[in-house]
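Worksheet: the structure to be examined is printed underneath.
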Amino acid sequence: MPTQLFISKIALITGSGRGIGKAIALHFAQHGADVIINFFRNRASGEETAREIEKLGRRALLVKADVGDLDGITHLFDEVEKEFGGLDILVHNAASGYNHPAMEQKPKGWDWTMNINARALLFSAQRAAALMEKRGGGKIVSISSAGSTRVLPDYIVVGASKAALESLTRYLGVELISKGINVNAVSPGVVETEALNHFASMGSQDNILQKFIAQVPAGRLITPEEVAEVVAFLCSPAAAMIVGQTIVVDGGYTLPIPK
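Our numbering numbers the first residue of the sequence shown as 725 and each following residue consecutively.
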C-alpha cells in the first residue's frame, strides 16, 4: 500500500504528460501529493495524466508551458502560485534535443536543447525557491542521462546540456541548502519508454532492446517507476543530507569497459 509520505505536499513535474515524467507525477500522487502537470505539445497525454491523478483523490493542475522559453517558465510558475500559493517539490524532467553528429549541428538546435534541458533548471529554480521558502523549504530534482559524461552516438548537444544540468545541480545544491532546499539529480540508464522508438532507424525495436539489455549487468532495462522511486527518495526526509549529487540508476550499464 502506498504511504502518505507526501501528504499536503505540492509537486510540479515538468514534461509530465508521459514517460518518466508521468510515472513521477503518479508516484507523488499515490503518496499524497497534489501535482502540477506540465506539457507543451501533447495536451491529450497531459489530460490523461491529470485524470489519473484525480482518480487517486489528489488535486491536479494542468499547465501548458514551454520551459525552454523564459516567458513559458514565468507563465508556469505564475499559475502554480495563483493556484497553490507555494511549492514543495520541483522535478525538472522536460527534455528535448537534436541528435546529429557534431559537424552537422546548427545554432538553432544548440539553443533549443540547452534552453529546455539546462537553462530551464536555473530559472525554474529561482521561481521555485521563492515559493518553497514560503513553506519552509523544499526539494528540486532534475533528470539527467549517461550522455553527460559518456560519449553516445549523435548525442553531443544533449550530452552537453545534461553536463550543464549536473553542474547547475551542484551549484544550486550548495547555494540553496541554507534555505532548506535540497537540489539533486537522477541519471537513469536505458529506460523502457516510447522514447526508445527514436532508435528504430538503427534496426527493429526488438533487436535494439536486446542490444541494450545485453549491455546491462542487471539483465534488464530500467522502468519509469524505478526512476520515480529514486526521485521520491531524494524528496523525502531521509535524503536531507544529500546535496548537489547525481544519483545513477542504470543497473550497472555505465560501469563495464566495452569489450
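All residues carry an ideal CB built from backbone N, CA and C; glycine is no exception.
For residue i: DSSP bridge partner residues
i	result
S911	V972
S866	H816 and A909
A956	Answer by DSSP bridge pairing: none, since A956 is not bridged.
V735	Residue identity differs from the one stated: residue 735 is Ala in this sequence, not Val. According to DSSP, which records beta bridges pairwise, A735 is partnered with V759 and I813.
I946	V915
Of the residues the options, the one placed nearest residue i, counting alpha carbons only
i	options	result
A938	V955, S960, T970 and T978	T978
S769	V787, A963 and T947	V787
K733	I760, K746 and A747	I760
R742	P961, E916 and G897	E916
G745	V910, P980 and S960	V910
R767	A789, R782, G781 and D758	A789
L729	T893, L892, L736 and S960	S960
D758	R782, R775, K983 and E771	R782
A817	G792, L811 and G810	It should be pointed out that residue 817 corresponds to Asn in this sequence rather than to Ala. For N817, the nearest C-alpha among the options comes from G792.
K892	G739, L855 and R843	The sequence as given places Leu at residue 892; Lys does not occur at that position. For the residues G739, L855 and R843, the minimum Cα distance to L892 belongs to R843.
R775	Y822, L800, L794 and S740	S740
H824	V972, E771, E772 and A884	A884
L896	F847, V875 and Q934	F847
V955	Y822, R765 and I813	I813
A870	L945, V972, Q934 and K935	V972
G968	I901, L945, L780 and K983	I901
T773	D795, H799 and I737	I737
D878	V898, M827, E899 and L945	M827
H799	K832, K830, P831 and F764	F764
L780	V815, I731 and A963	I731
K935	K832, E899 and P982	P982
Proximal residues to residue i (C-beta, below 8 Å), its chain only, five neighbours per side dropped
i	result
E953	H751
V940	G913, V914, D974, G975, G976 and Y977
P980	Q939 and P941
N839	G792 and D793
I797	A789, V791, A844, F847, S848 and R851
I966	N906, N908 and L958
R944	I937 and G975
A964	N906
Residues of its chain near residue i, where Cβ-Cβ distance is below 6 Å and the 5 sequence neighbours each way are ignored
i	result
E778	A784
W722	Given that the chain is displayed from residue 725 to residue 983, the structure contains no residue 722 and the question cannot be resolved.
A887	S872
G810	L855, K858 and R859
A819	N841
F801	R851
K830	none
7 Å Cβ shell around residue i - same chain, five flanking residues per side excluded
i	result
T727	H755
V890	Correcting the residue identity first, residue 890 is Glu in this sequence and not Val. Within the same chain, E890 has close Cβ partners S868, S872, A909 and T970.
E857	K903
T837	S820, G821, Y822, V881, V882 and S885
R874	T978
E771	L786
Validate contact between the stretch 859-879 and the stretch 895-915 using beta carbons, cut 8 Å, 3 pairs: Judged by pairs of C-beta atoms under 8 Å, the stretch 859-879 touches the stretch 895-915, as three or more such pairs exist.
Tell me, please, whether the stretch 795-814 touches the stretch 849-860 by the rule of three or more beta-carbon pairs shorter than 8 Å. Taking 8 Å as the limit for Cβ pairs, the verdict is that the stretch 849-860 does touch the stretch 795-814.
Please give the ranges of any beta strand (DSSP E) in the stretch 835-884, keeping only runs that are unbroken, at least 3 residues long and fully inside the region. Fully enclosed beta strand (DSSP E) runs of 3 or longer: 862-867.
Validate contact between the stretch 931-949 and the stretch 737-757 using beta carbons, cut 8 Å, 3 pairs: A contact is defined here as three or more CB-CB pairs under 8 Å, and the stretch 931-949 meets this definition with respect to the stretch 737-757.
Along the chain, which unbroken stretches of the beta strand (DSSP E) at least 3 residues long are found entirely within the stretch 753-811? Complete beta strand (DSSP E) runs here, min 3: 758-763 and 784-788.
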